[in-house]
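Chemist: The working numbering numbers the first residue of the sequence shown as 162 and each following residue consecutively.
For every residue, glycine included, the Cβ atom is placed at its ideal position computed from N, Cα and C.
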Amino acid sequence: MKTENQVAIVTGGASGLGKATAQALVQSGAKVALFDMNAENGAKAAAELGGETIFVPANVADHTSVDDAVAQVRNAFGTVHIVASCAGIGGSTRILGKKGLVAPEWFPNIVNVNLVGTFNLVRSTVALISENPPDEGGERGVYINTASIAAFDGQIGQAAYSASKGGIVSMTLTLAREFANTGIRVMTILPGIFDTPLLGTLPPEAKERLNKQVPFPSRLGQVEEYAALALHIINNRYLNGESIRLDGALRMGFGRR
Ligand SMILES: NC(=O)c1ccc[n+]([C@@H]2O[C@H](COP(=O)([O-])OP(=O)(O)OC[C@H]3O[C@@H](n4cnc5c(N)ncnc54)[C@H](O)[C@@H]3O)[C@@H](O)[C@H]2O)c1
162 MKTENQVAIV TGGASGLGKA TAQALVQSGA KVALFDMNAE NGAKAAAELG GETIFVPANV
222 ADHTSVDDAV AQVRNAFGTV HIVASCAGIG GSTRILGKKG LVAPEWFPNI VNVNLVGTFN
282 LVRSTVALIS ENPPDEGGER GVYINTASIA AFDGQIGQAA YSASKGGIVS MTLTLAREFA
342 NTGIRVMTIL PGIFDTPLLG TLPPEAKERL NKQVPFPSRL GQVEEYAALA LHIINNRYLN
402 GESIRLDGAL RMGFGRR
């Protein structure tokens with residue numbers, strides 16, 4: 162579908178991959194609502210991106226918060242056509258670590274933000290998207306979800322993260338099939354390692370080690386490369402029900418014991 166004058170929600174839009182995607186959407190003429198828990202960064206990002214960008218505070222893990230935020234988008238822009246779910250959290254912890262067993266909340270907390278949060282966006286917007294008049298290709302909307310190569314190549318300590326991302330991959334085709342008759346596409350991007358604040362705390366030596374693991378180009382992914390794929394997915398009607406790795410041919414190995 163086209164992006165010009167379309168309404169997009171970008172979760173995690175205050176930072177990293179979400180912010181870059183929002184920027185690409187604004188530059189291609191979309192009206193964008195940034196959803197994020199970080200109100201300070203969210204307001205800053207909306208001001209920076211300009212155009213018709215609004216910031217709506219939302220916790221994707223909380224379905225009432227998402228419902229409220231979507232209602233605000235409806236008030237501001239009338240409808241929604243595009244949802245890019247980029248909100249997510251990491252967190253690497255061994256189940257049986259040096260300090261004993263991991264807290265029981267660890268697993269559900271990560272799954273609630275990454276997987277349930279992605280589903281909450283779908284649930285809160287699909288009725289609205291279904292009411293859009295179909296465009297000339299019969300399309301009413303598109304979902305772009307963000308998984309991770311950890312869905313397939315999870316590292317030690319990533320049981321919760323990789324399970325949450327694997328769930329996003331698994332529901333992609335299922336959702337695409339469910340919404341096919343409504344003219345709504347569903348796609349997922351699996352980023353490799355991208356240079357975002359999520360990795361920002363790593364020391365330079367650790368970043369350099371990561372760079373070397375990527376076959377080509379041997380560097381971290383740039384947020385604009387993620388945004389470019391998101392825009393392509395929106396524009397290319399024949400992409401549906403698929404998950405695409407965006408990782409410079411990186412396949413994470415076993416790692417250290
Ligand atoms: N950076 C990478 O290398 C990488 C690799 C693979 C997958 N990913 C995935 O890409 C997505 C974006 O990551 P990023 O690197 O841009 O991270 P980031 O930390 O820069 O941005 C994530 C944003 O999500 C927001 N957020 C977190 N929990 C939220 C919640 N419950 N509700 C609303 N907003 C919330 C944060 O406030 C933040 O602004 C995540 O889902 C992450 O798992 C990133």
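Taking C-alpha atoms, which residue in E165, V347 and Q383 lies nearest to P358?
Modeler: Selected option, being the one with the closest Cα: Q383.
Chemist: Just reading off the alpha helix (DSSP H) that M332 is part of, what are its end residues?
Modeler: It spans A320 to E339 - the alpha helix (DSSP H) in which M332 sits, taken as one unbroken run.
Chemist: Would you say L400 and G353 are within 8 Å of each other, going by their C-beta atoms?
Modeler: Result no, Cβ atoms of L400 and G353 do not sit closer than 8 Å.
Chemist: If you reduce the DSSP assignment to three classes, tell me which class L392 lands in.
Modeler: Of the three classes helix, strand and coil, the one that applies to L392 here is helix, per DSSP.
Chemist: Could you check how far apart the C-beta atoms of F268 and A207 are, in whole angstroms? I think they sit under 8 Å.
Modeler: About 33 Å; that fails the 8 Å criterion.
Chemist: Grab the span of the beta strand (DSSP E) containing D197 for me, first residue to last.
Modeler: Start and end: K192 to D197.
Chemist: Within this structure, are the beta carbons of I243 and I405 separated by less than 8 Å?
Modeler: No, they are not a contact pair.
Chemist: With C-beta atoms as the reference, is R235 less than 8 Å away from L195?
Modeler: Not closer than 8 Å, so no.
Chemist: In terms of alpha-carbon separation, which member of T214, G318 and A308 lies closest to K259?
Modeler: The option with the nearest alpha carbon to K259 is G318.
Chemist: Would the beta-carbon of T357 be found less than 7 Å away from any heavy atom of ligand 1?
Modeler: Flag set: Cβ of T357 near ligand 1.
Chemist: What do you reckon, is the C-beta of F196 under 7 Å from a heavy atom of ligand 1?
Modeler: For ligand 1, at least one heavy atom lies less than 7 Å from the Cβ of F196.
Chemist: List, from N- to C-terminal side, the alpha helix (DSSP H) runs of 4 residues or more that fit wholly inside the region 258 to 311.
Modeler: Listed in chain order, they are 267 to 272 and 278 to 291.
Chemist: May I ask you to check if the CB of I170 is nearer than 7 Å to at least one heavy atom of ligand 1?
Modeler: I170: no, Cβ never under 7 Å from ligand 1.
Chemist: Please work out which residues of its chain come closer than 8 Å, Cβ to Cβ, to A389, disregarding the five sequence neighbours upstream and downstream, and give them in chain order.
Modeler: Same-chain partners within the cutoff: A185.
Chemist: Just the C-alpha distance for M332 and E201, rounded to the nearest angstrom, thanks.
Modeler: Spanning the two alpha carbons is a distance of roughly 32 Å.
Chemist: Taking one C-beta from the region 338 to 347 and one from the region 370 to 377 each time, how about it: are there three or more such pairs within less than 8 Å?
Modeler: Judged by Cβ distances under 8 Å, the region 338 to 347 makes no contact with the region 370 to 377, as fewer than three pairs qualify.
Chemist: CB V193 to CB L282, shorter than 8 Å?
Modeler: The answer is no: Cβ separation not under 8 Å.
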